[in-house]
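Colleague:
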Amino acid sequence: MKKLTLQEKQQTAEALLHRIKDLHTEGENIRLMEVCGTHTVAIFREGLRQVLPKGIELVSGPGCPVCVTDQVYMDKALAYAEMDDVIIATFGDMLKVPGSYSSLTEAQTKGAHIHVIYTPLEVLTLGKQYPHKKIVFLAIGFETTIAVIGATVKAVAEAGLRNVFFLVSHKLVPPALRALLDRQVGQIDGFILPGHVSVIIGEQPYAFLPMEYAIPSCIAGFDGVEVLSAVLNILEQRHRGRFEVGNTYHSVVMQEGNLVAQQLMDEVYDICDDTWRGIGVIPNSGLKLSEAYAHLDVEKMIPITLDKPSLDPKGCQCGRVLQGLIKPNECPLFGKACTPDHAIGACMVSVEGSCAAWYKYGYASGGLSWEE
Amino acid sequence: MERIRLVHGNGGRFSHELTERFILKYFTNDLLAPLHDGAQFSVSAGRMAFSTDSYVVQPPFFPGGNIGKLAVCGTVNDLVMNGAIPQYLSCSLILEEGLPFDELDDILATMRDMAEQANIQIVTGDTKVVKKGEVDKIYINTAGVGMIPENIHIGPSYVKPNMDIILSGSIGDHSIAVMGQRFGLELSENIKTDCAPLNHMIQAVLSKVGPQVALLRDPTRGGLGTVLKEIADQSQVGIKIHQSKLIIHDEVQSVCDILGYDPLYLANEGKVVLIVEPSVTDEVLNILHSFPEGREASHIGSTLDKNLGKVGMQTSIGGMRLIDLLGEDQVPRIC
Numbered sequence: 000m001k002k003l004t005l006q007e008k009q010q011t012a013e014a015l016l017h018r019i020k021d022l023h024t025e026g027e028n029i030r031l032m033e034v035c036g037t038h039t040v041a042i043f044r045e046g047l048r049q050v051l052p053k054g055i056e057l058v059s060g061p062g063c064p065v066c067v068t069d070q071v072y073m074d075k076a077l078a079y080a081e082m083d084d085v086i087i088a089t090f091g092d093m094l095k096v097p098g099s100y101s102s103l104t105e106a107q108t109k110g111a112h113i114h115v116i117y118t119p120l121e122v123l124t125l126g127k128q129y130p131h132k133k134i135v136f137l138a139i140g141f142e143t144t145i146a147v148i149g150a151t152v153k154a155v156a157e158a159g160l161r162n163v164f165f166l167v168s169h170k171l172v173p174p175a176l177r178a179l180l181d182r183q184v185g186q187i188d189g190f191i192l193p194g195h196v197s198v199i200i201g202e203q204p205y206a207f208l209p210m211e212y213a214i215p216s217c218i219a220g221f222d223g224v225e226v227l228s229a230v231l232n233i234l235e236q237r238h239r240g241r242f243e244v245g246n247t248y249h250s251v252v253m254q255e256g257n258l259v260a261q262q263l264m265d266e267v268y269d270i271c272d273d274t275w276r277g278i279g280v281i282p283n284s285g286l287k288l289s290e291a292y293a294h295l296d297v298e299k300m301i302p303i304t305l306d307k308p309s310l311d312p313k314g315c316q317c318g319r320v321l322q323g324l325i326k327p328n329e330c331p332l333f334g335k336a337c338t339p340d341h342a343i344g345a346c347m348v349s350v351e352g353s354c355a356a357w358y359k360y361g362y363a364s365g366g367l368s369w370e371e
Numbered sequence: 000m001e002r003i004r005l006v007h008g009n010g011g012r013f014s015h016e017l018t019e020r021f022i023l024k025y026f027t028n029d030l031l032a033p034l035h036d037g038a039q040f041s042v043s044a045g046r047m048a049f050s051t052d053s054y055v056v057q058p059p060f061f062p063g064g065n066i067g068k069l070a071v072c073g074t075v076n077d078l079v080m081n082g083a084i085p086q087y088l089s090c091s092l093i094l095e096e097g098l099p100f101d102e103l104d105d106i107l108a109t110m111r112d113m114a115e116q117a118n119i120q121i122v123t124g125d126t127k128v129v130k131k132g133e134v135d136k137i138y139i140n141t142a143g144v145g146m147i148p149e150n151i152h153i154g155p156s157y158v159k160p161n162m163d164i165i166l167s168g169s170i171g172d173h174s175i176a177v178m179g180q181r182f183g184l185e186l187s188e189n190i191k192t193d194c195a196p197l198n199h200m201i202q203a204v205l206s207k208v209g210p211q212v213a214l215l216r217d218p219t220r221g222g223l224g225t226v227l228k229e230i231a232d233q234s235q236v237g238i239k240i241h242q243s244k245l246i247i248h249d250e251v252q253s254v255c256d257i258l259g260y261d262p263l264y265l266a267n268e269g270k271v272v273l274i275v276e277p278s279v280t281d282e283v284l285n286i287l288h289s290f291p292e293g294r295e296a297s298h299i300g301s302t303l304d305k306n307l308g309k310v311g312m313q314t315s316i317g318g319m320r321l322i323d324l325l326g327e328d329q330v331p332r333i334c
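Sequence lines, in order, name chains V and E.
According to numbering that gives the first Met the number 0, the residues represented by the first sequence are 0 to 371, in order.
According to numbering that gives the first Met the number 0, the residues represented by the second sequence are 0 to 334, in order.
Rendered as structure tokens:
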């Protein structure tokens, strides 16, 4: 795929905005939810909210894997981290997520061995490097990450490593969208669907959106122009009165997705109910290791019981933010008790969290104030 | 393979050997030659700039350079940012027991070449050796002095509204080159550090239009975003820049896209932000363009008398993005 030059990008954006304005009736209020943290960041980085017509509102959804990981999972991860013979392998994003009583960063300062990895396959090296330790990999993430981690699970099994385990809390995007719509809370007039997730699962798993809920949606790539083209696609669907799963990321997302990755996921994981931070249990929205790989499931092989109850941070509105019910700056803690340097909720921790994005890009003082 | 041993730092015969085998081989000049406790030299009357920096990059070798290149260019450039003409540097080496001789050779040869390129002399120094594991191969401290010509007054207090902001080239190259090496990413060979001494280029600017230059800053750690926000705060002006004027090489942008880095916050080692009177902008650009390290220079924005303390970037699609200081270190995203 050829990248647009800045000038081409500018021209394309102008043309798209022109069409968007044509299709939007003044005074009409449309709320579109982006379901991917990378989209949330791109929308801010490129200042999309200021160029869209008033009335088209972009709302962030449950699209940041760290943010939707629930408190019980964090507490379990911390319990493993405190074991003398355990090395936690994790993506860097997880370090500062507050558990009920501590965080991985805090555990690290108290002597826990925590290894930040950049690609899941590093756990193989760690397993060989520390034969007398148990490596516990914090396996979180949506479909994109699941495929890569699934391949890692297989590689660990094939290598016969007996000291590498997975603490799995993978989340699936389509069931979460269904749950948001079933609850009928907050107005959602369309979904901007995540490009990377869709590379894996394709278009079909979203088919229930137009068919059962009469909601337009569009798969989008990650720069501002690609998000704009998805907004336009959704407006066009509304204009025609015929809804579908649009795809403006054709060059990358195939209709049927990545079949090899899907097959791998089927082999390594079974679908299960899962708990999402602040939202609760969503049926069939998570994955656990299948029977054939159960010997790599740390919860089965090294069972633990948490001796204290898991508590959501007091006053934190992450759950409502993740469902698009409130904007981050409507949380009473936002920018006051809760900032990226002293995060209370997960959405303020991850670079892709909505609260962190709102804070970083200048909403701390109540709005993007820039005098022209 | 010969390696550095602890005895090389004990001050005795082995230390002498180390000095002769390495230091005198690469750094030879009249001021260093006496091997006294310091260097003695005369200075002209006027104002002097004095700067120091320690270099601890990991890994010490990366595409386009090594820690020695940083150690010379970094301190030379810090002097340049004061408007000074760099003259003399000190060089303090802290070596890890076990460092291969040939790696030290490479680093010192690079320092010699960079000193020559920057037309400065390394006139005093020190070498310590510490036990394996106490440092990561090699740390270097350099300090430097240079004289500031008359009529040159550089600093945040000279920045006023309605001045032009010029950036001397692309951003992000250095960070991505080092990170690629650190994490063993197989990156395009076009990704190299931009590390270079900027004194000749900046002297060419200052000798022509020095009094019209208010500020020089190198966007190193924290990147361009952090530096602009610091200027807006320190000088109490607003700053508006245009995304379309920033140069980010395709390869750098691609790595950023994959890892979730923001090029605005990546370190550069051979770039400079100049804030100048609008009357000289074109002339400054012409001068910068005539140097290889300034060939991609562009006028990226201006200072304002409103939005004081804020930095706004007009995005290529017409939106406005506020730019803050770098917070936490950027970490790769996970999906």
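Built from N, CA and C at the ideal position, the CB exists for glycine as well.
Using only alpha-carbon positions, find the residue among E:E268, E:V283, E:A142 and E:L223 that is nearest to E:V208.
Modeller: With distances taken between Cα atoms, E:V208 lies closest to E:V283.
Colleague: How about V:K359: is its C-beta nearer than 9 Å to some C-beta of chain E?
Modeller: Cβ-Cβ to chain E under 9 Å: yes for V:K359.
Colleague: Counting only beta-carbon atoms, is E:Q242 nearer than 9 Å to chain V?
Modeller: Closer than 9 Å: yes.
Colleague: How would you call V:K359, buried or exposed, if buried means at least 16 neighbouring beta carbons within 10 angstroms?
Modeller: Classification for V:K359: buried.
Colleague: Taking DSSP as the reference, what is the three-state secondary structure of E:G8?
Modeller: Three-state DSSP puts E:G8 in a helix.
Colleague: Just verifying my parser: in three-state terms, what is the DSSP assignment at V:H169?
Modeller: Correct three-state label for V:H169: strand.
Colleague: Within the continuous beta strand (DSSP E) that includes E:K239, where are the two ends?
Modeller: Its beta strand (DSSP E) spans residues G237 to H241.
Colleague: By Cβ distance, which residues of its chain are closer than 6 Å to V:A229, with the 5 residues on each side in sequence left out?
Modeller: Excluding positions up to five away in sequence, the list reads I191, C217, A219 and T247.
Colleague: Rounded to whole angstroms, how far is the Cβ of V:H131 from the Cβ of V:I87, which I believe are closer than 8 Å?
Modeller: The pair is not a contact, with the Cβ atoms about 16 Å apart (cut-off 8 Å).
Colleague: CA-CA distance, V:E225 and V:R161?
Modeller: Cα-Cα distance, rounded: 45 Å.
Colleague: Report the neighbours of E:D232 on chain V: residues whose CB is nearer than 9 Å to its CB, in chain order.
Modeller: Per Cβ cutoff of 9 Å: no residues; E:D232 is ~14 Å from chain V at best.
Colleague: So, does the CB of V:M0 fall closer than 9 Å to a CB anywhere in chain E?
Modeller: Confidence at V:M0 is low in this model, with a pLDDT of 49, below 50, so its placement is unreliable and the value that follows should be read with caution. With 9 Å as the cut-off, V:M0 does not count as an interface residue toward chain E.
Colleague: Going by beta-carbon coordinates alone, are E:V158 and E:I230 separated by less than 9 Å?
Modeller: It is a contact, given that the beta carbons lie within the stated cut-off.
Colleague: Find out if the Cβ-Cβ distance for the pair V:L208, V:F242 is shorter than 9 Å.
Modeller: Yes.
Colleague: To which residues does DSSP link E:Q313 through a beta bridge?
Modeller: DSSP, once it has assigned bridges, lists E:H241 and E:M319 as partnering E:Q313.
Colleague: Do three or more CB pairs link the stretch 181-201 of chain V to the stretch 318-325 of chain V at distances below 8 Å?
Modeller: Yes: at least three Cβ pairs fall under 8 Å.
Colleague: Does E:N306 get closer than 9 Å to chain V when you measure Cβ to Cβ?
Modeller: Yes, E:N306 counts as interfacial toward chain V.
Colleague: How long is the line joining the alpha carbons of V:L179 and E:K191, rounded to whole angstroms?
Modeller: One C-alpha to the other measures close to 47 Å.
Colleague: Please determine, among V:A12, V:T39 and V:T68, the residue with the shortest C-alpha to C-alpha distance to V:S284.
Modeller: Considering only alpha carbons, the answer is V:T68.
Colleague: Can you give the Cα-Cα distance for E:V251 and E:D172, rounded to whole angstroms?
Modeller: Computed Cα separation, rounded: 6 Å.
Colleague: Let me check understanding here. Comparing Cα to Cα, which of V:C35, V:I42 and V:V267 lies closest to V:V65?
Modeller: For V:V65, the nearest C-alpha among the options comes from V:C35.
Colleague: How would you label E:N161, buried or exposed, when you count the other beta carbons within 10 angstroms and need 16 or more for buried?
Modeller: By the neighbour-count rule (16 or more Cβ atoms within 10 Å), E:N161 is not buried but exposed.
Colleague: Ends of the alpha helix (DSSP H) at V:Y300?
Modeller: Inspection of the sequence shows that residue 300 of chain V is occupied by Met rather than by Tyr. Run containing V:M300: V297 to M300, per the alpha helix (DSSP H) assignment.
Colleague: Can you find a C-beta in chain E that's less than 9 Å from the C-beta of V:G365?
Modeller: Any reading at V:G365 must be qualified, since the residue scores a pLDDT of 41, below 50, and its modelled position is unreliable; no value is offered.
Colleague: For V:F221, would you say it is in contact with chain E, using Cβ-to-Cβ distances shorter than 9 Å as the test?
Modeller: So yes, V:F221 belongs to the interface.
Colleague: To the nearest whole angstrom, what separates the beta carbons of E:G64 and E:S89, a pair I think is in contact under 8 Å?
Modeller: Incorrect: roughly 21 Å between the Cβ atoms, too far for contact.
Colleague: Within the continuous beta strand (DSSP E) that includes V:W275, where are the two ends?
Modeller: Per DSSP, V:W275 belongs to the beta strand (DSSP E) from Y268 to W275.
Colleague: E:E268 by DSSP, collapsed to three states: which one?
Modeller: Coil, per DSSP.
Colleague: Across which residues does DSSP place E:H298 in a beta bridge pair?
Modeller: Paired residue(s): E:I165.
Colleague: Report the neighbours of E:T109 on chain V: residues whose CB is nearer than 7 Å to its CB, in chain order.
Modeller: Result: empty, since nearest Cβ-Cβ is about 28 Å, beyond 7 Å.
Colleague: Around the C-beta of E:P196, are 16 or more other C-beta atoms found within 10 angstroms, so that it is buried, or is it exposed?
Modeller: Buried is the call here.
Colleague: Chain V beta carbons: is any one of them nearer than 9 Å to that of E:R220?
Modeller: Not closer than 9 Å to any Cβ of chain V, the Cβ of E:R220 fails to qualify, so no.
Colleague: I need the boundaries of the alpha helix (DSSP H) containing V:N246, first residue and last residue.
Modeller: No alpha helix (DSSP H) contains V:N246, which is instead part of the beta strand (DSSP E) from V244 to N246.
Colleague: Run through the stretch 55-134 of chain E for me and flag every whole alpha helix (DSSP H) of 4 or more residues, listed as ranges in chain order.
Modeller: Counting only runs of 4 or more, we get 66-79 and 100-117.
Colleague: Specify whether the stretch 166-176 of chain V and the stretch 271-286 of chain V touch according to this definition: at least 3 beta carbon pairs, one from each stretch, less than 8 Å apart.
Modeller: Output reads yes: the stretch 271-286 of chain V touches the stretch 166-176 of chain V.
Colleague: Between E:L166 and E:G224, which are expected to be in contact by the criterion C-beta below 8 Å, what is the C-beta distance as a whole number of angstroms?
Modeller: Wrong, their Cβ atoms sit about 12 Å apart, outside the cutoff.
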